[in-house]
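Have a look at the structure below before the remarks.
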Amino acid sequence: MADLNEGRIDLPRSRARLIAFAVTAAVLFAALGGRLFQMQVLNGSLYADRAVAARTIEVPIKAPRGLIFDRTGRPVAVNVPSWTVDAVPADLPAVPAARDAVLARVASSTSSKAAALKQRLEAFRGSPYDQVPLLRGITRDQALLLSEQAGALPGIVVQVDPVRQYLDEAGKVDGSLLAHVLGYTGPVSQDQLNALAARGYLPDDSIGKDGVEASYEAVLRGTYGAQQVERDASGRPIKVISTTTQAVPGRNLMLTIDARLQRLATDALTWGMRAAGVKQGVTIVMNPQTGEILAMVSLPSYDDNQFATGISTAAFNAYLRNPNHPLRNHAIADIYPPGSTFKLVTGTAALMEGVTTPTQLWPTYGCYQIPGAPTGQCLFDWNHAGFGPLNIEQAFFRSSDTFFYQMAIHLGIDRLAKWAYNYGFGKQTGIKLPGEASGIIASTEWAQSQGRANVFTGELAQAGIGQNVIAVTPLQLANAYAALANGGRLMQPMIVKGETDRTGKLTKVYQPRLIRKLSASGPTMQVLRFGAREVVTSGHAFNIRDVPLPGALSGKTGTAEFGTKQSDGSLPFHSWFVGYLPSRPGATDASLEVLTFSYSATVPGNVSTEVVKYFLQKYFKVQRDYRLDPRTLSLLGGN
Amino acid sequence: MGAVTTTFVDNVRERPWRAFDWQLLLYVGLIVGFGVVMGYSASFNEAGQAAGGISQSVKTLLWVGIGFTIFFVAASIDYHWLTTFTLPIYIGVLLLLVLNLLIGRSLNGATLSISVAGLDFQVSEVSKVLMIVVLASWLSGRREKIGRLSTIVGAAVLMGIPTFLVFRQPDLGTALVFVAILVAMLFMSGASIGWMALLAGGVVAVAPIAVNALASYQRARLFCFLNPYADPQGACYQLVQALNAVGSGGWFGQGLTAGRQNQLGYLPVQTTDFIFTVIAEELGFLGGLLVLGLFALLLWRILVIGWGARDALGSMVAWGLASMLLFQLLVNVGMVIGIMPVTGIPLPFITYGGSSMISLLFRMGILESVRIHARKQTF
Numbered sequence: 317m318a319d320l321n322e323g324r325i326d327l328p329r330s331r332a333r334l335i336a337f338a339v340t341a342a343v344l345f346a347a348l349g350g351r352l353f354q355m356q357v358l359n360g361s362l363y364a365d366r367a368v369a370a371r372t373i374e375v376p377i378k379a380p381r382g383l384i385f386d387r388t389g390r391p392v393a394v395n396v397p398s399w400t401v402d403a404v405p406a407d408l409p410a411v412p413a414a415r416d417a418v419l420a421r422v423a424s425s426t427s428s429k430a431a432a433l434k435q436r437l438e439a440f441r442g443s444p445y446d447q448v449p450l451l452r453g454i455t456r457d458q459a460l461l462l463s464e465q466a467g468a469l470p471g472i473v474v475q476v477d478p479v480r481q482y483l484d485e486a487g488k489v490d491g492s493l494l495a496h497v498l499g500y501t502g503p504v505s506q507d508q509l510n511a512l513a514a515r516g517y518l519p520d521d522s523i524g525k526d527g528v529e530a531s532y533e534a535v536l537r538g539t540y541g542a543q544q545v546e547r548d549a550s551g552r553p554i555k556v557i558s559t560t561t562q563a564v565p566g567r568n569l570m571l572t573i574d575a576r577l578q579r580l581a582t583d584a585l586t587w588g589m590r591a592a593g594v595k596q597g598v599t600i601v602m603n604p605q606t607g608e609i610l611a612m613v614s615l616p617s618y619d620d621n622q623f624a625t626g627i628s629t630a631a632f633n634a635y636l637r638n639p640n641h642p643l644r645n646h647a648i649a650d651i652y653p654p655g656s657t658f659k660l661v662t663g664t665a666a667l668m669e670g671v672t673t674p675t676q677l678w679p680t681y682g683c684y685q686i687p688g689a690p691t692g693q694c695l696f697d698w699n700h701a702g703f704g705p706l707n708i709e710q711a712f713f714r715s716s717d718t719f720f721y722q723m724a725i726h727l728g729i730d731r732l733a734k735w736a737y738n739y740g741f742g743k744q745t746g747i748k749l750p751g752e753a754s755g756i757i758a759s760t761e762w763a764q765s766q767g768r769a770n771v772f773t774g775e776l777a778q779a780g781i782g783q784n785v786i787a788v789t790p791l792q793l794a795n796a797y798a799a800l801a802n803g804g805r806l807m808q809p810m811i812v813k814g815e816t817d818r819t820g821k822l823t824k825v826y827q828p829r830l831i832r833k834l835s836a837s838g839p840t841m842q843v844l845r846f847g848a849r850e851v852v853t854s855g856h857a858f859n860i861r862d863v864p865l866p867g868a869l870s871g872k873t874g875t876a877e878f879g880t881k882q883s884d885g886s887l888p889f890h891s892w893f894v895g896y897l898p899s900r901p902g903a904t905d906a907s908l909e910v911l912t913f914s915y916s917a918t919v920p921g922n923v924s925t926e927v928v929k930y931f932l933q934k935y936f937k938v939q940r941d942y943r944l945d946p947r948t949l950s951l952l953g954g955n
Numbered sequence: 076m077g078a079v080t081t082t083f084v085d086n087v088r089e090r091p092w093r094a095f096d097w098q099l100l101l102y103v104g105l106i107v108g109f110g111v112v113m114g115y116s117a118s119f120n121e122a123g124q125a126a127g128g129i130s131q132s133v134k135t136l137l138w139v140g141i142g143f144t145i146f147f148v149a150a151s152i153d154y155h156w157l158t159t160f161t162l163p164i165y166i167g168v169l170l171l172l173v174l175n176l177l178i179g180r181s182l183n184g185a186t187l188s189i190s191v192a193g194l195d196f197q198v199s200e201v202s203k204v205l206m207i208v209v210l211a212s213w214l215s216g217r218r219e220k221i222g223r224l225s226t227i228v229g230a231a232v233l234m235g236i237p238t239f240l241v242f243r244q245p246d247l248g249t250a251l252v253f254v255a256i257l258v259a260m261l262f263m264s265g266a267s268i269g270w271m272a273l274l275a276g277g278v279v280a281v282a283p284i285a286v287n288a289l290a291s292y293q294r295a296r297l298f299c300f301l302n303p304y305a306d307p308q309g310a311c312y313q314l315v316q317a318l319n320a321v322g323s324g325g326w327f328g329q330g331l332t333a334g335r336q337n338q339l340g341y342l343p344v345q346t347t348d349f350i351f352t353v354i355a356e357e358l359g360f361l362g363g364l365l366v367l368g369l370f371a372l373l374l375w376r377i378l379v380i381g382w383g384a385r386d387a388l389g390s391m392v393a394w395g396l397a398s399m400l401l402f403q404l405l406v407n408v409g410m411v412i413g414i415m416p417v418t419g420i421p422l423p424f425i426t427y428g429g430s431s432m433i434s435l436l437f438r439m440g441i442l443e444s445v446r447i448h449a450r451k452q453t454f
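Residue numbers (this note's numbering), protein chains in the order written: chain A, 317 to 955; chain B, 76 to 454.
Laid out in structure tokens, this is it:
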């Protein structure tokens with residue numbers, strides 16, 4: 317190379333510096349190569365693991381929700397595939413106008429409102445990569461129409477999701493038959509999500525919102541599985557790498573409800589309510605021996621299928637505005653004065669506390685002068701003529717108010733309350749349904765909580781006939797009479813009989829649960845059972861006695877006036893009838909009990925008795941129709 | 076222009092192409108070819124199914140074609156031609172850089188290119204090659220005065236102005252390349268090592284000030300390499316993804332267009348500054364080694380050409396280009412393997428970019444010119 321220097325006319329070259337440069341370069345190349353070797357060959361698997369971990373996430377696998385069957389194995393809540401439209405906010409156009417255009421296109425293809433879709437999208441709080449449910453239950457044609465436009469609808473996902481479908485006793489899609497028992501599932505709310513995220517609930521998850529769907533959520537939901545999914549850098553899932561845990565399907569439930577009985581009870585109540593112009597009604601059919609609820613009807617009802625597929629705001633508001641509260645299960649969530657049916661409690665207390673003996677005669681009055689009150693301040697009997705002297709059994713079946721005023725006054729409020737509590741009043745029955753009310757049982761303590769020293773004597777007297785300061789749920793009342801019917805065992809009302817396989821065959825039985833044995837003695841209860849039989853044979857429910865039934869129907873009517881006077885000066889009534897069917901008078905073997913409660917009747921007759929009669933006729937397939945028109949029957953006008 | 080024409084004619088008459096360095100062309104060609112393939116793979120992705128990849132690769136090939144044309148044109152012209160224009164070139168560079176600061180297009184927060192007739196013109200890329208010529212021209216004129224402090228100060232001032240302008244863009248990477256070129260060319264020109272060391276000490280002393288002048292996002296990224304896994308989701312996210320990709324490559328890599336990190340979009344700017352990550356992930360250690368080896372051969376050829384140059388200008392141009400390539404390779408590859416801070420420095424010939432490709436091939440053409448004209452006895 318030396319000759320190359322010949323022609324140089326300027327700077328001398330330094331061989332040393334060139335070598336220094338070359339050596340530096342060689343060292344740097346060696347460093348880069350060495351580091352590559354260390355990273356790729358020696359520690360390659362470490363980095364590879366890190367890379368895999370960084371780009372994979374665990375994605376939950378939803379478990380199919382448990383099915384629900386009635387006690388005969390008819391499916392009443394099933395999962396059906398439903399076309400849904402979701403939006404992934406991150407994939408929607410960022411420009412508001414373009415985003416609105418996408419939503420408008422979705423709306424026009426599904427005949428829905430763009431504003432509603434926008435509202436749902438904006439209400440969502442979560443990751444922009446989550447799927448926000450926009451529409452559920454669109455038709456297959458609409459889904460296909462949307463899929464065809466996929467190119468023009470970035471960020472819109474059309475897919476098939478399982479949704480809940482509620483069936484009636486004939487297998488038809490009809491949510492109204494069992495709405496209050498089954499409830500419904502719906503999208504998990506933000507508050508619920510905050511509380512339940514640790515238990516694996518997802519932002520787009522469904523959760524039982526009411527009824528058995530809510531109270532047995534943990535059983536029905538199952539256990540979600542998990543799979544490792546590789547995502548691209550923007551968070552979109554690309555492929556499933558492995559399944560970490562398999563999803564465990566939710567367990568299937570069998571209700572204690574017989575859907576066919578539910579239908580009979582619904583039809584009977586519907587007829588009675590229509591015939592008498594009643595606005596709200598409840599019928600509970602149960603097995604007094606076990607506490608199993610065979611039918612639980614609360615009218616007006618609602619269609620839970622609307623909720624399962626995503627109810628519109630308008631439809632939901634219409635339910636909320638309805639003065640008869642179709643969304644409430646009146647059988648457990650609302651409290652009403654029990655009226656004369658409460659004489660069961662007053663009678664038991666009077667006998668057990670020694671206020672009276674079974675045979676002791678007490679005078680009755682047309683109007684009972686309240687002790688200590690100014691003369692003339694008296695409480696009327698429903699029978700303004702009075703009955704003359706009565707013993708307790710007679711007073712029970714004739715439903716003498718003034719007899720039980722005297723019992724209550726001799727008992728005092730706290731001894732009366734004690735026996736009310738013993739029958740299960742004033743406290744939730746513990747049925748596995750959400751929203752159960754406790755009721756009100758007057759006591760000294762209760763009065764003091766109202767800011768008074770004690771209840772007034774007039775209130776005490778009225779408490780004796782289940783008025784004014786006493787309020788119960790229809791279920792509490794049914795359950796108290798079930799305890800009378802079964803010989804004194806207060807059972808916890810059951811709504812779910814057990815768990816089944818996928819075909820509805822029972823695989824695990826939930827055992828009936830005894831709340832307590834009543835403190836009332838056998839003879840005491842026997843007196844009241846005979847009284848209850850006489851209610852049917854010669855008391856207020858005598859219009860039912862002609863129906864040929866396989867047993868000695870026993871029960872009690874009740875009527876309570878309430879509210880504001882009608883234009884004709886009369887008050888609306890609640891009417892109650894609770895009846896059970898032992899093999900013979902006084903027996904404790906009844907396996908069928910029916911309670912009906914009608915709210916806001918303006919007709920004189922006991923509509924509830926007519927409803928129970930109609931139900932029993934149909935249940936026992938009685939050919940002749942013994943019903944009376946509640947508007948024209950001229951019965952004794954009261955309790 | 077007359078002198079230039081004469082020289083060209085003389086060269087042709089004396090069959091100067093016999094001196095043409097085929098090895099240089101071969102190594103450049105291999106590296107460029109490698110870059111085209113990797114650019115295709117990097118822009119390929121599963122979701123898009125190479126939708127962007129094809130068109131980008133076609134564009135790259137277009138640039139490569141133009142680049143090699145310029146390569147041969149530059150090779151055929153005597154490089155002394157460049158010295159005629161040293162001052163205009165220098166002023167032109169400064170004007171371009173100022174212009175770029177004023178009207179440049181913003182890309183990732185930095186103004187990096189000027190759009191001329193629809194083509195993005197990366198001023199800093201072009202200014203690198205021009206500054207090498209300017210500096211080489213100036214240093215080769217210093218002759219006996221080369222050992223003086225004034226040589227170093229003068230060169231520093233000459234280089235300092237464009238360096239500052241580039242730094243203000245802000246393009247830290249290119250500014251550092253300017254500094255590296257300056258240091259290497261001073262060293263190779265025979266400048267006083269004592270004075271250089273003294274000045275280097277001064278630069279190190281003021282380095283914290285420069286670091287403070289950086290935007291916070293730049294600073295955070297800059298120091299990530301010290302402990303990238305301390306903040307894998309934040310400032311160091313890109314680096315961590317790159318390191319994971321490189322490590323995942325193993326001996327043989329995951330295969331072309333099959334790198335998961337690359338194809339799923341985890342690599343930052345994978346067609347440009349992080350292209351080596353794609354190479355390492357998809358072609359593994361052997362692929363990375365191949366790239367390093369090609370660059371080592373190229374560098375060797377450049378040093379050979381520089382040593383054999385007829386005059387100081389030719390040598391200095393070679394030293395400048397060699398130091399630039401070495402520094403960019405070191406910083407770019409070092410960045411994705413976690414031994415250098417993350418700065419936006421492209422991998423020569425492989426990083427996608429038209430102006431970069433053209434200016435690089437132009438530089439290589441000048442080198443060929445240095446080679447071709449090395450044996451010329453007369454002047």
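Backbone N, C-alpha and C define an ideal beta-carbon position, used for all residues, glycine too.
With distances taken Cα to Cα, identify the nearest neighbour of B/Ser323 among B/Ile106, B/Gly108 and B/Leu342. Among B/Ile106, B/Gly108 and B/Leu342, the Cα nearest to that of B/Ser323 belongs to B/Leu342.
What three-state label does DSSP hand A/Arg387 in the structure shown? Of the three classes helix, strand and coil, the one that applies to A/Arg387 here is coil, per DSSP.
Taking 7 Å as the cut-off, decide whether the C-beta atoms of A/Leu615 and A/Met602 are in contact. No, the Cβ-Cβ distance between A/Leu615 and A/Met602 is not below 7 Å.
Through-space distance from A/Tyr517 to B/Leu182, alpha-carbon basis: Summary for B/Leu182: the model assigns pLDDT 48, below 50, so the residue's position carries little reliability, and this model does not support an answer.
Continuous beta strand (DSSP E) stretch holding A/Lys824: start and end: Membership of A/Lys824 in the beta strand (DSSP E) is indicated by the continuous run Leu822 to Val825.
Select from the stretch 305-330 of chain B all residues with a C-beta closer than 8 Å to any C-beta belonging to chain C, and list them in chain order. Looking at the structure shown, chain C is missing, and the protein chains on hand are A and B.
May I ask you to list the residues that DSSP assigns as paired with A/Tyr915? A/Tyr915 is bridged by DSSP to A/Gln596 and A/His890.
Ends of the alpha helix (DSSP H) at B/Phe262? If you look at B/Phe262, you'll find it in the alpha helix (DSSP H) that goes Leu247 to Ser264.
Hey, how far is the Cα of A/Gln778 from the Cα of A/Ala906? C-alpha separation (whole angstroms): 31 Å.
Whose C-beta lies closer than 6 Å to the C-beta of B/Leu331 among residues of the same chain, with five residues either side of it excluded? Here B/Leu331 has Ser116 and Glu357 as same chain residues with Cβ atoms under 6 Å from its own Cβ, once five neighbours each way along the sequence are excluded.
Answer yes or no: the CB of A/Ile600 versus the heavy atoms of the ligand SAM, is any distance below 6 Å? The ligand SAM is not part of the structure shown, which contains no ligands of any sort.
Delimiting residues of the beta strand (DSSP E) encompassing A/Thr501: Taken as a continuous stretch (DSSP letters only), the beta strand (DSSP E) holding A/Thr501 covers Tyr500 to Pro503.
Find the residues of chain A that neighbour B/Met263, judging by a C-beta separation of less than 8 Å, and give them in chain order. Residues of chain A passing the Cβ test: Ser330, Arg333, Leu334 and Phe337.
Is it buried or exposed, A/Gln605, if we count other Cβ atoms within 10 angstroms and call 16 or more buried? A/Gln605 comes out buried.
Does A/Ala466 have its Cβ less than 7 Å from a Cβ in chain B? For A/Ala466, no CB of chain B lies under 7 Å from its own CB, so it is not counted at the interface with that chain.
With DSSP run on the structure shown, which of helix, strand or coil describes B/Leu373? Helix at B/Leu373.
Give the range of the alpha helix (DSSP H) segment to which B/Leu224 is assigned. It spans Leu224 to Phe242 - the alpha helix (DSSP H) in which B/Leu224 sits, taken as one unbroken run.
Can you give the beta carbon distance from A/Thr680 to A/Phe719, rounded, assuming they're within the 8 Å contact cut? Contact flag correct, Cβ pair sits at about 5 Å.
To the nearest angstrom, report how far apart A/Pro397 and A/Pro380 are at their CA atoms. So the alpha carbons of these two residues sit roughly 11 Å apart.
So which of A/Ala420, A/Phe936 and A/Arg390 has the shortest CA-CA distance to A/Asp484? With distances taken between Cα atoms, A/Asp484 lies closest to A/Arg390.
Would the beta-carbon of A/Ile651 fall within 7 Å of that of A/Ala799? No. Outside cutoff.
Closest to A/Ile725 by C-alpha separation, out of A/Gly688, A/Gly442, A/Leu706 and A/Ala701, would be which residue? Sorting A/Gly688, A/Gly442, A/Leu706 and A/Ala701 by C-alpha distance to the C-alpha of A/Ile725 places A/Gly688 at the top.
Pick out whichever of A/Tyr482, A/Arg900, A/Met570 and A/Phe713 has its Cα sitting closest to the Cα of A/Thr816. The candidate whose alpha carbon is nearest that of A/Thr816 is A/Met570.
Within the stretch 685-731 of chain A, note down every full alpha helix (DSSP H) run reaching 4 residues or more, in order along the chain. Annotation note: the stretch 685-731 of chain A contains the following uninterrupted alpha helix (DSSP H) runs of length 4 or greater, listed N- to C-terminal: 708-714 and 717-727.
Could you tell me whether any Cβ in chain B is nearer than 7 Å to the Cβ of A/Arg345? With the sequence shown as reference, residue 345 of chain A is identified as Phe, and Arg is not the correct amino acid for it. Chain B contact via Cβ: present.
Please compile the residues from chain A whose C-beta is within a distance smaller than 8 Å of the C-beta of B/Val258. Result: empty, since nearest Cβ-Cβ is about 11 Å, beyond 8 Å.
Nearest to B/Gln336 by CA position, among A/Ala364, A/Leu433 and A/Pro750, is which residue? When only C-alpha atoms are compared, the closest one is A/Ala364.
In its own chain, which residues sit with a C-beta less than 7 Å from the C-beta of A/Pro553, not counting the 5 before and 5 after it? Here the set comprises Val375, Val545 and Arg547.
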